[in-house]
Structure formats: structure tokens, C-alpha cells
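Protein chains in written order, with this note's numbering: chain A, 1 to 283; chain B, 1001 to 1274.
Here it is as C-alpha cells:
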């Protein structure tokens, strides 16, 4: 069942001369991990803002076409209502954090939902622990480093336990090990709790392995949409300038040589590629 | 040349961010400073343009102590592009943003115009000349911030996380640009978490952890050493990871480039056939 569905969605910001997204028709299945990527400025962030109703309710502008999220027509429902279903982690954590302590920031959404105090305590601690920010809970968000702020922004969305989590380059300020841990946490939410994940990322080396579905956008339009192994190994993806994982690239380069007998499953990460190479070199 | 002599730096809140750091970066060198969040990377590079002064020890840029010159004077020589472009941008149009520093440095109007156009074209921003920086995407704003510093042509360029929000093509352009700067004997220092970008550039890598430098060497050596990388919260680049997985097969260990990896593997295969 599709949990997010758009049909010919087109949107222009107020004062914009041309649409930021054009005729976008995609289906995101419930419980899938979906990766959205494409050149900088292609409309990825704009699309994310449609998923939780920030567009059109907050940004206004002109929207055409259809979009339903968790069965709701976003045009007819308020942002506050949509927020129960969809959590959005912003690209720049400073746009999201505002409270005087990390703990209050993470609790804020739950207070608004009227979650009982005991339950709130539990969920806030759970989200702080998952993101490795428990030790920061009494600090002021504006004093933290960019990477720490990103963890807190993620925690505040996790605490709401929405059905859909949309993350817009959520780990750009984090060190690689920190980023990897966050992606693992997000993947686990999908595996264990069936949360639908929509992740906007350029760094496919770090994230492609988790994806069930990948959407590539270029100049506001969906240009590729489907299964990650198929899409990332396509010539089109490389020509658009998507950062193909290096393991996938190496596979492509070696396949051109007939002496190297590699399997048919296209690798997306280093362990998959290493396993294939081990086989090939042994034979 | 940048010479850092045994510096320590303590923030007013008591956090000691740098503990006895010494290093030398020569003219025309390209160095990447990497390491975990909070390791002191940004604190260190802020010493290079005098934004921060060491609590003890000294920093010399071309032989001049950073404590003896104003940040404004130093900025002409050492350009600094911040991690978060929103900390840097304020003008109403992209064009004005880039022209601002040039005017302050007293460049003639004709020169200013020429340089603004040059920087806009270089970073693929010409179409946004009259647009507000705040209407642009995160990745584009980042490029405006970079353009505004490149425009005055500083001798030393410091880029804090230059690849954030940049797609693969933009990164490739950035890499080409850095190589060009390097050929002109300019010094480029980047602070970055982007191991794949560093693997493609193969610069000198300085790895930091808890206010100290824990490794210093060629990218292909540092980024293929799992022990030291884990200490600094860095994941090896994907090509290096593949070779680490296969370490029992006695393949060379210091490979981070995809084309070199292909060649190495084909050579191994050929030897086996023989």
C-alpha cells in the first residue's frame, strides 16, 4: 500500500519564475526505505516540504496536481494534523531547534500532542539514547556543534514516533562513523517498527545499502525511479552526475574485462563487493 | 607558509580544544584536516586567519605572528569559507554578496565587476546573479559563500566542509578547481568528513582527535589504516574497505582510487592465470 502518493505534482514558490518541482508522480510504499537524490538545487528539499504540508500551508505559492500522505490530502489538512503522521528532519538543524535545553526541544512535539508525562519521559529518553545525545540533555541546543545539533534534531522527530520520517541530508555535519551510526538507527526503525523512511542524500556510498527504492530528481522532474541496484548501475544515473557508490563503480569497471568473472547481483557496498571478488579470485 | 608552534587553545568556558599542536603547511600544499566531531578541526583552522589566537604557543603565516596583525589584514591573505553558509551570507542578491568584500578591500569597480562575473561562472551561479541567496538551495548557498571568498583571490584558502550539500558533479568541479589553485602555488586547507572526496583528491591528510593531531601523511596511507581511522571516527573510503575485507589475500593495502583498484585486481588475476 502506498503511504505517500503524488500525481503530477507541480509547485512554484511565491515570486518564483518557474516551478521547483514539475509533474512529480511517485508512490512510496508503507514500510519502505526510500532514497531521494539528484543534483544540488534539483527540488529534493521542495518535495520533502510537500510531504508534511509545509508546502503549501507555510510557504504558500502555487501547487498543482495531487498528493496524499497517510491517506490524507495534505491541502485539506493542517500542518499540526500531518505532524502526527510525518516527522521532518531539516537540512539545517538551526532551523529546527529553538528551546533552551536539548531535553525540552525533544519533548516539545510530545507536549503538543498531549502525551502523558510518564510516557513523555520514556520517549524522550529513548530518543536521546538512540541518537547518542543523552549526555547533552541539559545543554542549550545553540551551544552545540553542528553535528550534535543534527543528532538532537533527529531525536526530536524520533520521539514523536511518526509513521513516516522524512530526513533531508540529516547527517551532513557528522563525522563518518557518527553518520553511519545514525543511518543504522534509522534503518533499524524501519526494520523493527515498520516506519517508512524517506531520506534525501548525496552520499550514496553511505546509504544505498539501506534503500528499498530510489528516486532520482533532476531539474524538478523525476528521471529515474525504482530498485537501487538497477538504478545505480544504469548509465543514465552516472550521466546525471549521481555519486555512484565506489563499490558499484568498481564492479562496472571490472565487468568490462571478460577474465573477471563476477556474479550478477550488482553490489552497493564494500562487503558485497569484497565477497564477489573473493569468489572471482578463488576460481 | 603556515607554521603552528606548540599551540594550546582553551575556550572561555574552560574547554581545552587544542592540546600541543605543531605543524607546518608549505605554500602550494593541499591538506585535508579530518577527525571526529569536536576534535578541534575548526578551532585549529580559525587560528590560521587569526580569528582565534592561541592561549599558548604561536602561529606564523609567512613568518608573521597572527597576534600582531588584525583579522581584516590577514583575511586578504587567508580566505575562510565557513561550514554553514548562513553564518556568512547577508546581502540581498548573490552579486552584491560576492562584491561586498571586494569593495571593502578597495578594488576598483571595473575590477570588482570582472571578478564577480568570474566567480559566478566558476561556480555555476551566473543564472542567480540577481537572486537573493536565501532563495537558493542549501548546496547553492554553500557555493555562493565560496564564490564570495574566491573573488578576492586569497593566497591561502580555508574551506570548512566544502562538499556538504554538493552533488557529484559539483564536487568534481571543486576538485578540479583545487588542483588548479594548487598549480598556482596557492595553499588549500579543507576541513572535511567526506572521505570519498578526499580519496579522489589524495591530499596530505591530518587526522585529529581530542585536540591533537594523531596522524599526518598522504591520503592513501592514512585512509587505509583502519586502527588510526577508527580512533578518529572516520570510516575508510569504500575502495579501501574492499581491500581491508580482502586483507588475507595479500593484495596491496594502500589503494583508495577506483581505477587503481581495477588495475591491481586485474594484475592479480593475470598472475593467477599464469
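Every residue, glycine too, gets a C-beta built ideally from N, C-alpha and C.
For residue j and residue i, the rounded distance between their alpha carbons
i	j	result
residue 203 of chain A	residue 243 of chain A	7 Å
residue 1027 of chain B	residue 7 of chain A	55 Å
residue 42 of chain A	residue 1248 of chain B	44 Å
residue 1234 of chain B	residue 176 of chain A	5 Å
residue 231 of chain A	residue 201 of chain A	15 Å
residue 139 of chain A	residue 21 of chain A	39 Å
residue 186 of chain A	residue 164 of chain A	11 Å
residue 172 of chain A	residue 1177 of chain B	22 Å
residue 69 of chain A	residue 95 of chain A	23 Å
residue 114 of chain A	residue 1138 of chain B	34 Å
residue 1187 of chain B	residue 1030 of chain B	6 Å
residue 1195 of chain B	residue 1141 of chain B	22 Å
residue 1152 of chain B	residue 1105 of chain B	8 Å
residue 145 of chain A	residue 182 of chain A	16 Å
residue 1045 of chain B	residue 1271 of chain B	47 Å
residue 31 of chain A	residue 196 of chain A	4 Å
residue 1075 of chain B	residue 1069 of chain B	10 Å
residue 1130 of chain B	residue 1136 of chain B	11 Å
residue 229 of chain A	residue 1025 of chain B	43 Å
Within-7 Å CB hit, residue i to chain B
i	result
residue 249 of chain A	yes
residue 76 of chain A	no
residue 39 of chain A	yes
residue 274 of chain A	yes
residue 180 of chain A	yes
residue 172 of chain A	yes
residue 177 of chain A	yes
residue 142 of chain A	no
residue 259 of chain A	yes
residue 150 of chain A	no
residue 91 of chain A	yes
residue 202 of chain A	yes
residue 218 of chain A	no
Chain-order list of residues whose beta-carbon lies under 8 Å from that of residue i (same chain, five-residue window excluded)
i	result
residue 226 of chain A	213, 214
residue 1232 of chain B	1034, 1035, 1036, 1039, 1207, 1208, 1209, 1214, 1215
residue 1240 of chain B	1199, 1223, 1224, 1255, 1256
Contacts around residue i, its chain only, beta-carbon distance under 6 Å, and the 5 residues preceding and following it disregarded
i	result
residue 79 of chain A	53, 57
residue 89 of chain A	153, 154, 157, 167, 170
residue 5 of chain A	27, 68
residue 131 of chain A	151, 154, 155
residue 1010 of chain B	1016, 1055
Chain-order list of residues whose beta-carbon lies under 7 Å from that of residue i (same chain, five-residue window excluded)
i	result
residue 128 of chain A	106, 134, 137, 155
residue 285 of chain A	The question about residue 285 of chain A has no answer, for chain A in this structure spans 1 to 283.
residue 1123 of chain B	1143, 1146, 1147
residue 91 of chain A	45, 168, 169
residue 237 of chain A	216, 224, 231, 244
Contact test: residue i Cβ vs the ligand COA heavy atom, cutoff 6 Å
i	result
residue 4 of chain A	The model on display carries no ligand, and the ligand COA is accordingly not part of it.
Below-7 Å beta-carbon distance, residue i vs any chain A residue
i	result
residue 1245 of chain B	yes
residue 1261 of chain B	yes
residue 1128 of chain B	no
### Message
Under 8 Å: do the region 203-219 of chain A and the region 239-255 of chain A share three or more Cβ pairs, one atom per stretch?
### Response
Counting Cβ pairs under 8 Å, three or more are found: they touch.
### Query
Which parts of the region 181-210 of chain A are runs of the beta strand (DSSP E), unbroken and 3 residues or longer, counting only runs that do not cross its ends?
For the region 181-210 of chain A, whole beta strand (DSSP E) runs of length 3 or above, ordered along the chain, are 196-200.
### Query
For the 8 Å Cβ check, are there 3 or more pairs between the region 1222-1239 of chain B and the region 1040-1050 of chain B?
In the pairwise beta carbon analysis, the region 1222-1239 of chain B is classified as not touching the region 1040-1050 of chain B: fewer than three pairs are separated by under 8 Å.
### Query
Would you say the region 1192-1204 of chain B touches the region 1116-1132 of chain B, given that touching needs at least three Cβ pairs under 8 Å?
Because the criterion of three Cβ pairs below 8 Å is not met, the region 1192-1204 of chain B and the region 1116-1132 of chain B do not touch.
### Query
Which ranges does the beta strand (DSSP E) cover as unbroken runs of at least 3 residues, wholly within the region 30-60 of chain A, from first to last along the chain?
With a minimum length of 3 residues, the continuous beta strand (DSSP E) runs that stay inside the region 30-60 of chain A are 33-37.
### Query
Taking only runs of the beta strand (DSSP E) that begin and end inside the region 1157-1201 of chain B, which ones reach a length of at least 3 residues, in chain order?
With a minimum length of 3 residues, the unbroken runs of beta strand (DSSP E) contained wholly in the region 1157-1201 of chain B fall at 1187-1191.
### Message
Measuring CB atoms only, is the region 1091-1101 of chain B touching the region 1054-1074 of chain B, in the sense that at least three cross pairs come out at less than 8 Å?
### Response
At 8 Å Cβ cutoff, the stretches do not touch.
### Query
Quick one: any contact between the region 1140-1159 of chain B and the region 1084-1099 of chain B, if contact means 3 or more CB pairs under 8 Å?
Output reads yes: the region 1084-1099 of chain B touches the region 1140-1159 of chain B.
### Query
Just checking, does the region 1070-1079 of chain B make contact with the region 1150-1164 of chain B on the three C-beta pairs under 8 Å criterion?
The answer is yes - the region 1150-1164 of chain B touches the region 1070-1079 of chain B, with three or more Cβ pairs under 8 Å.
### Task
Jot down the residue ranges of each uninterrupted alpha helix (DSSP H) in the region 1222-1256 of chain B, minimum 4 residues, whole runs only, in chain order.
The qualifying runs are 1226-1231, 1238-1245.
#### Entry: Inside the region 108-176 of chain A only - alpha helix (DSSP H) runs reaching at least 4 residues
Listed in chain order, they are 117-130, 146-159.
### Message
Quick check on the DSSP output: what are the complete alpha helix (DSSP H) runs of length 4 or more inside the region 1016-1052 of chain B, in order along the chain?
### Response
The region 1016-1052 of chain B contains these whole alpha helix (DSSP H) runs: 1041-1048.
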